[in-house]
Structure formats: structure tokens, C-alpha cells
Amino acid sequence: MEIRLSNGVEVREGDTRILLDPRRTEPGVPTLVSHAHADHVPRGLKTSSSLLACTRPTADVIRARYGGIRRPVIVEFGEPMEVGSLTITAYPAGHILGSAMFLIEGRGPSLLYTGDVNPLGGLTVESPAIVPRADVIVIESTYGSPRFGFPHPQRVRAELALWAARVMREGSTPAVLAYAVGKAQEIIAALNRLLDVPVQADPEILRVTEAYKNHTKADLVASPLGGHEGGVAVVSARSKAVARRLSLATGWVILRVPRWADAGFPLSSHADYAGLVEVARRSEAGRAYTVWGRTRDLARGLTLELGMEARPLSSRWESL
Ligand SMILES: [Zn+2]
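2 is the number of the first residue of the sequence shown in my numbering; add one for each residue after it.
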């Protein structure tokens, strides 16, 4: 098997070629979509006649958010799928609902592609990441620098709820800015659980939340923004202007809370540095290729901490 970073992560073995999270679909090339975040969803899904595989929740969220996939091939966690000479098995990635890692097995060493991954999981995902054994791992590096260490999400959720309660006592409506896919649903679930107050959300978030409801065990109770007074609002970037007391929930606040924000909560759907090292350790892989974000820092960390042969994946073909 050979891999490279080009139009997403490209894998080939003999006549078989597949794309993992490409920027655009290619005619006749089987494509795997790890999850429904915009930077992993290829252009051309609505019209492509190529094999397009993802989990059922990912297909549903893509439909709610970006208009759908022409003919998705649904993969179930733990059930192998044959694509040419390769056998591909999806494992929960714990990042957002439906997010999958793909174990790819061919004639030589096996490859684990993590997509975006979270070994802690969340309130709305199927489970924390379940990491299978592999010889080689392609691992995301969004927070791949040792400067990223997040407090436990349970604590962050409690702090967010305390902030919201305080703002309400002061007579204002607290609003939390969050990505419409994944983060917003985590916050709605946390507020439902921790505060006995109504939760409102903007239309973009509510559309995705409806798609979530068919697949998650979490309570996701939220009504349209502006429907009534009081409670907490969860808003995506588009509705941020309506909020007076606005906080934001993202791992990036570890670096800096923007001046316009009332508070920042480092609630991330990604692993932090230690979490990424833990995912690589659990895979028992001897070699790692890092992709997206702090690729050099993570490669260095994996070599130092686990003794792995690790480097950023480049556009040159690498043999496993
Ligand atoms: Zn993602």
C-alpha cells in the first residue's frame, strides 16, 4: 500500500485507489468521508457517481447541513467493506456524531486513518474513540502541540453552566457561540443536563440537531431563537450579532479569548496533545504520518514519547 497527501489523503495498492476526506470527488475513485465537518466533506457529493462511503449519522448530518450525497454507501462500525484489493473497517472516532476512523488492510502493513479524533468522546457521540491495532497510523494534528492541554470536559461544561446561570441572574440572556455541527449539540446537551432552563438555538443549529436526534442518546431540547424570553441561547457565527453577553466554546481559547467574548470555554471535540499521543499509543503502530494543523510538533512528540518513526505526510508517495 502507498499513501500521500494530495486531494485529501490518497491510498493506492495495485489498481485500487481511494480518497480519504478529499476536497472534491473524482470520477470513478471511491471516497471515504470520515465525518460531517465542512473541511472533511468533499465538493461534488450531490452529483458524483463514484462510491461515497460514510456512516449513517454522517450522511444524515451532511444532508441537513450541505444538501446531501447522491448515493451514499453506508458503513457500520466494525463491519468490513471490500474496495478493490482493500478491506476497510470503520471505528468510532469520538469526535462528532458519526465520526469514523478507517482501518485499511491490504496485502502489506495495515493503515489506520484517524480523521478527527477524540479519545474522551462527548455527550452526543456514539462512544469515545475505539482505536484498533495498526502497523501505520495517519493521525490528525489540530492540537498537536504540547501547548494544547484541555481541562476535563466535565469541568468545562460545569464552568459554562455556572457562567450562564450568573448572566441570567444579572438579567441578561447568555449566548454561546459554537460550530453548528457537533459543538452546538454538545452544548445543548450539557445545558439540558446541568440547567433547568429553556435552550434556544438558531435555525442552522436546529437543522443539524434534528438530524442528530435520530442517532444520539443525549436529550437535545432546544427551540428557535427569539421564541420566548429567558434561558440560554446557542448560536452559530451567522447569528452571533443578536447576542449581548456572548461566550464561545472552542479549544482555541486556550491561546486567547477574543476581546468581544464575555468568556471562553476550552470545550473541544478534538483530542488535545496528550490525547493524540494516547491515540497513537493505543494503535501500537510503529510509524505515524501527521496531517492537518501542528504536524511537525506532533511528529516530534510521537517520536520522543513513543519512539515512533513519525513525520508529516507530504505529497510524495510513501510505501508502507
Ligand atoms: Zn472535525
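All C-beta atoms in this analysis are idealised placements derived from N, C-alpha and C, irrespective of residue type, glycine included.
Note that the structure is a prediction, hence the values are computed from the model and not measured.
- Sixteen is the threshold: when 16 or more other Cβ atoms of the shown chains lie within 10 Å of the Cβ of tryptophan 164, as they do, the residue is buried.
- For serine 240 and proline 152, the gap between their C-alpha atoms comes out near 28 Å.
- Looking at the DSSP output, proline 93 shares a beta bridge with Ala101.
- When beta bridges are read from the DSSP output, proline 225 appears opposite Ala202.
- When the beta-carbon positions are compared, serine 51 and glutamate 27 come within less than 8 Å of each other.
- Ligand 1 never approaches aspartate 273 closely enough for any of its heavy atoms to be under 7 Å from the residue's Cβ.
- Distances between the C-beta of isoleucine 97 and the heavy atoms of ligand 1 include at least one below 7 Å.
- Contact between valine 62 and leucine 98 holds: their C-beta atoms lie close to 7 Å from each other, under 8 Å.
- Using a 10 angstroms sphere on the CB of asparagine 215, the tally of other CB atoms stays under 16, which defines it as exposed.
- For serine 142, the uninterrupted beta strand (DSSP E) run begins and ends at 137-142, by DSSP.
- Counting every other CB atom within 10 Å of its CB across the protein chains shown gives threonine 48 a total below 16, marking it as exposed.
- The C-beta separation of threonine 251 from isoleucine 140 comes to about 21 Å, leaving the pair out of contact by the 8 Å criterion.
- Every residue with a CB closer than 5 Å to a heavy atom of ligand 1 is listed here in chain order: His38 and Asp117.
- Boundaries of the alpha helix (DSSP H) around glycine 276: 274-284.
- Restricting attention to Asp16, Glu14 and His36, the CA atom closest to the CA of proline 23 is found in His36.
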